[in-house]
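The structure appears below as C-alpha cells.
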Amino acid sequence: RTAPDLSTVITVVHNATWHDFDRFIDAGKGSHVNGMSELKKYFNRFGYLPIPDKNFTDMFDAQFESAVILYQRNLGLPVTGFLDSDTISTIMSPRCGMSDASHSLHTTRH
Amino acid sequence: FAYFNGKPRWLRASPLKLTYAFSLYNMIDYLSLSEIRAVFRRSFSRWESVIPVSFTETRDYQSADIRIGFYLGDHGDGQPFDGVLGVLAHAFSPENGRLHLDAAETWAVDFQSVKSKVAVDLESVATHEIGHILGLAHTSVKEAIMYPSLSPRTKKSDLKLDDVRGIQALYGSNPNFKFSSLMESENSLNKA
Chain V
694 RTAPDLSTVI TVVHNATWHD FDRFIDAGKG SHVNGMSELK KYFNRFGYLP IPDKNFTDMF
754 DAQFESAVIL YQRNLGLPVT GFLDSDTIST IMSPRCGMSD ASHSLHTTRH
Chain D
351 FAYFNGKPRW LRASPLKLTY AFSLYNMIDY LSLSEIRAVF RRSFSRWESV IPVSFTETRD
411 YQSADIRIGF YLGDHGDGQP FDGVLGVLAH AFSPENGRLH LDAAETWAVD FQSVKSKVAV
471 DLESVATHEI GHILGLAHTS VKEAIMYPSL SPRTKKSDLK LDDVRGIQAL YGSNPNFKFS
531 SLMESENSLN KA
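From first to last, the protein sequence lines stand for chains V and D. So for the first sequence, the numbering used here puts the first residue at 694; every next one is plus one. So for the second sequence, the numbering used here puts the first residue at 351; every next one is plus one.
Here it is as C-alpha cells:
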C-alpha cells in the first residue's frame, strides 16, 4: 500500500514540536489515532479545548470535533469538522503563542 | 478583528505616549542592536501612523512601558518557548507591556542575506506583537497582521484594513491618517 503523497499539501517547514501532526490528516469524529492526545493539548493550549480534569485520550470525540470547528472558523478555514489538509497545515505552521480564546470577535466587511 | 476579554487598552491622556526598551541581557548576537532597533522603529511607526499614539525608545528598561527581549525555553512568565519554529513570540495585553521573542528562532531582517529555510521575519512578528501590546487579539482575516500564524521566510508587516479598523476603534484615528491610502495599497496588492 503506498502512502499518499503529502508533499504537495504541506510545504511549510515545521518544528519538532508539531512536525508529526500530519499523520492526523483526514481524521474525523469517531476515529482513534495514537498520539491524538498531543493534538488535543495543542488545542487546549490555544484556547479551543477546556482545561482537562484528566489526561486527553486519542479518540476524536464530539468535544474535539467542536474544537476543530471553532478553530477552523477562527482561522478563516473551510469548516469541515475534520482534520483536512488545510487545517493540519495551519496547525503545523509557526505561530504566535497568545491564545486564540478569551476574546470577542468583530467582523469587517470587505 | 478581535479584542481581549474586557477590551483592555492603555488608559492615558490622549495623545498616548508610550516608551519602549530592549533588555540588556536577553538579546540575540547575530543581529546588531542597531538592526533590531531599526526593525522595531519601523514596526512602531506603522501603528503610530494610524492612531494618535507615539512610541519613544528609552534606555531605562525597568521603567519602560514596553519591554522587549529574546528568551529561550522557560523564561518565567508561564509561557515557555519551544525551540525552532512552533511558537515564535508572545506579548501581553494592556497595560502589561512585555513583548517576548523566542531566541531559538533564526530571526531575519533581510531574506536575501539569510538562506535558512526556518528564517523568520523579525519585522512581521514585531508588528504583530505590538498589536497585542496595544490591545488587539487574533483575527480570522488571513491577510491581517493580527492573524496568528506566519510561515518561515514570509514578510507580512503592512497593516491591513482589519488591523486598522480594530485599533482605531480602541484609540481613535491619527488625524493624518487617510483610509484612501490604505485602500489604494490594498487594491494594488489585489490587482498584483
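Where a beta carbon is used, it is the ideal one built from N, C-alpha and C, also for glycine.
- What are the uninterrupted segments assigned as alpha helix (DSSP H) that are 4 or more residues long and contained completely in the region 734-772 of chain V, given in chain order? 755-767
- Would you mind sorting D/M544 into buried or exposed? The rule is 16 or more other CB atoms within 10 Å of its CB. One cannot answer for residue 544 of chain D here, as it falls past the ends of chain D, which runs 351 to 542.
- Message: According to DSSP, simplified to helix, strand and coil, what is D/E479?
- Response: helix
- Message: Report the start-end ranges of each alpha helix (DSSP H) in the region 419-496 of chain D that is 4 residues or longer and not cut off at the edges.
- Response: 472-484
- Query: The beta strand (DSSP E) with D/T406 in it runs from where to where?
  - Reply: V403 to E407
- Item | D/R387 versus D/Y370 - alpha carbon distance | 11 Å
- Message: If distances are taken between C-alpha atoms only, which option among D/S373, D/N446 and D/E473 comes closest to D/L484?
- Response: D/N446
- Query: Any C-beta of chain V sitting closer than 8 Å to the C-beta of D/H488?
  - Reply: yes
- Message: Between the alpha carbons of D/F390 and D/I378, how many angstroms are there, rounded?
- Response: 14 Å
- Item | Beta-carbon contacts of V/G740 that lie in its chain and below 7 Å, excluding the five residues immediately before and after | S792, D793, A794 and S795
- Message: Using beta carbons (cut-off 8 Å, strictly below), is D/D432 in contact with chain C?
- Response: In the structure shown, chain C does not exist; the protein chains are V and D.
- Task: Kindly indicate which three-state DSSP category D/S499 falls into: helix, strand or coil?
- Result: strand
- Using alpha carbons as the reference points, say which of D/D427, D/S490 and D/K505 lies closest to D/W457. D/K505
- Mind pulling the chain V residues with CB within less than 8 Å of D/A453? Residues of chain V passing the Cβ test: none, with the nearest at roughly 13 Å.
- Quick one: grab the DSSP three-state call for V/V702. With a pLDDT of 40 at V/V702, under the threshold of 50, the predicted position of this residue should be treated as unreliable, though the coordinate-derived value follows. Coil at V/V702, not helix or strand.
- Sequence-distant residues of its chain with Cβ nearer than 8 Å to D/G428 (five each side left out): none
- For V/M752, I'd like the list of residues in its chain whose CB is within less than 6 Å of its CB, leaving aside the five on either flank, ordered along the chain. If we look at V/M752 and ignore the five residues flanking it on each side, its Cβ neighbours are H725.
- Touch test, the region 749-763 of chain V against the region 715-734 of chain V, Cβ-Cβ under 8 Å, three pairs minimum: yes
- Query: Quick one: Cα of D/F443 to Cα of V/D713, how far?
  - Reply: The amino acid at residue 443 of chain D is misidentified as Phe; the sequence shows Ser. If you draw a straight line from the Cα of D/S443 to the Cα of V/D713, it is about 32 Å long.
- Message: At the level of alpha carbons, what is the spacing between V/M729 and D/S501?
- Response: 24 Å
- Task: For D/L438, go through chain V and note every residue whose CB falls closer than 9 Å to its CB, in chain order.
- Result: P787, R788, C789 and G790
- Please list the partners that D/Q518 has in chain V, where partner means a Cβ-to-Cβ separation under 9 Å. The contacting residues do not exist; D/Q518 stays about 12 Å from chain V at best.
- Local Cβ density within 10 Å of D/K465, reported as buried at 16 or more and exposed below that: exposed
- Query: Using the beta-carbon count (16 or more within 10 Å), is V/N767 buried or exposed?
  - Reply: buried
- Item | Beta-carbon gap between D/R417 and D/R448 smaller than 8 Å | yes
- Where V/R766 meets chain D, residues with beta-carbon distance less than 8 Å: S490
- Query: Using the beta-carbon of each residue, which ones in chain D are nearer than 7 Å to V/G769?
  - Reply: S490, V491 and K492
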